[in-house]
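Heads up: the sequence shown begins at 233 in the numbering used here, then just goes up one per residue.
Only one structure is covered here, and it is reproduced in the block below.
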Amino acid sequence: MMIIMYGVPIIIAVLLGVGWWGAGVILYPPHKSGLTVFPEQFGLRYEKVSFQTEDGLTLRGWFIPSPTGDDRTILMGHGWGDNKGELLKISHFLNSTGGFNLLYFDNRAHGESDGNITTIGCLEIMDFKAAMAYLRRHRPQSTRRLGVFGLSMGAAVAIMAAPQFSEIKALVLESPFADYRQVVRRWAWINLYIPYFPQMMVVLWLLRHRVGSKDVDSYSPSRFISRLSPRPILVIGAEEDRLMPASTVRSLYALAQEPKSLWMIPGAAHAECREIAGDEYDRRVIEFFRRHL
């Protein structure tokens, strides 16, 4: 009886302690990339830009103008723990070869932007809205033929935010997650061996408490992707992706309405699609945007 009396509170304390720490991992990515990649490394002209979110944070980015004067523009969204430079490294071809204007920005709590926490969706939708407000106010000509390129978290946020903006004509979505709770659970198991029951349930409960939002973990692209139609989308997936498995990408794609296309890249792990596919990646993405913008 004495063991039970003292054991239960200890178990609860451990669950809460690990849960608090686990929620912190989501809010404060443990392996955030430093900003080490810049447009001048690829010989690209650019302008530093900044804009504010609805909750008062300043986000910072780059506007890279078309080398040919083309008014077609692509809004770029990076992944969790990464920044605009990491995305530029694998997508600068959209400007140098494709000739598009590109707007890169760091989401809150990433790169050069303000903010202390990231939610992998809920708050980042405000960041996307702030980028759109910047284009509408300061570069209205760029919204006439506007596309979106998103990678991982950036793809997920684009799926959830883009239905609100009629200016967006087409989207390329690489390795988006389908369900928030599922991807958090998978990341925790792959990287930390934390089981969903009961530990990740506690993590998500405490996450809602720490963010102050009861639905922070309900922002799932699977609920939004059908609303992108009739805008064309190209979904790109990596066959060897452990975080966003091929089955998850295919299931999300199945929920999308036409017009849509899917490209699964054999041998690619997460964020390795361009590295593995090479020139074909550049060609397909450029052709998609040229066709639809």
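In this text, a Cβ means the ideal position worked out from N, Cα and C, and glycines have one as well.
Because the structure is a prediction, the values reported are computed rather than measured.
List the endpoints of the continuous beta strand (DSSP E) containing residue i.
i	result
N348	Counting along the chain, N348 falls outside any beta strand (DSSP E), and DSSP gives it neither H nor E.
K217	The question about residue 217 has no answer here: the residues shown for the chain are numbered 233 through 525.
A470	I465 to A470
Bridge partners for residue i per DSSP, in chain order?
i	result
Q529	Nothing can be reported for residue 529: it is not among the residues displayed for the chain, which extend from 233 to 525.
M476	In the DSSP output, where bridge partners are listed per residue, M476 has none listed.
G309	G382
E279	F295
S493	L466
If you run the structure through DSSP and keep just helix, strand and coil, what is residue i?
i	result
V443	helix
M234	Bear in mind that a pLDDT of 46 at M234, under 50, signals an unreliable position, so the number given afterwards is only what the model happens to contain. Three-state result, M234: helix.
A488	coil
V389	helix
L334	strand
S265	coil
R342	Just to set this straight, residue 342 is His in the shown sequence, not Arg. In this structure, H342 counts as coil in the three-state DSSP scheme.
H524	helix
G317	helix
D359	helix
S458	helix
A365	helix
T300	coil
R515	helix
D411	coil
F397	coil
Are any of the Cβ atoms in chain B nearer than 8 Å to that of residue i?
i	result
V389	Note that chain B does not occur in the displayed structure, where there is just one protein chain.
Do residue i and residue j have their C-beta atoms closer together than 8 Å?
i	j	result
G499	E471	yes
S384	A503	yes
G379	A390	no
L367	R463	no
S441	G386	Residue identity differs from the one stated: residue 441 is His in this sequence, not Ser. No.
L460	A488	yes
H524	K401	yes
T300	D514	no
T268	D346	no
I422	L484	no
The ligand HEM and residue i: does the residue's C-beta get closer than 7 Å to at least one heavy atom of that ligand?
i	result
H263	Ligands in the displayed structure: none, and consequently the ligand HEM is not present.
What span of residues does the alpha helix (DSSP H) with residue i cover, start to end?
i	result
F381	Unbroken run through F381 is the beta strand (DSSP E), L378 to L383; no alpha helix (DSSP H).
F325	F325 to S328
E504	Unbroken run through E504: none, as it is neither H nor E.
Inset, instruction - Give a yes or no on contact between the segment 330-344 and the segment 288-306, applying the rule of three or more CB pairs nearer than 8 Å. - result: Segments in contact, yes.
Legend entry - Three-pair Cβ contact test at 8 Å for the segment 401-410 versus the segment 453-471: The segment 401-410 vs the segment 453-471: in contact.
Legend entry - Sufficient close CB pairs (3 or more, under 8 Å) joining the segment 336-345 to the segment 310-323: yes
Inset, instruction - For the segment 283-290 and the segment 356-371, state whether three or more C-beta atom pairs, one from each stretch, are separated by less than 8 Å. - result: yes
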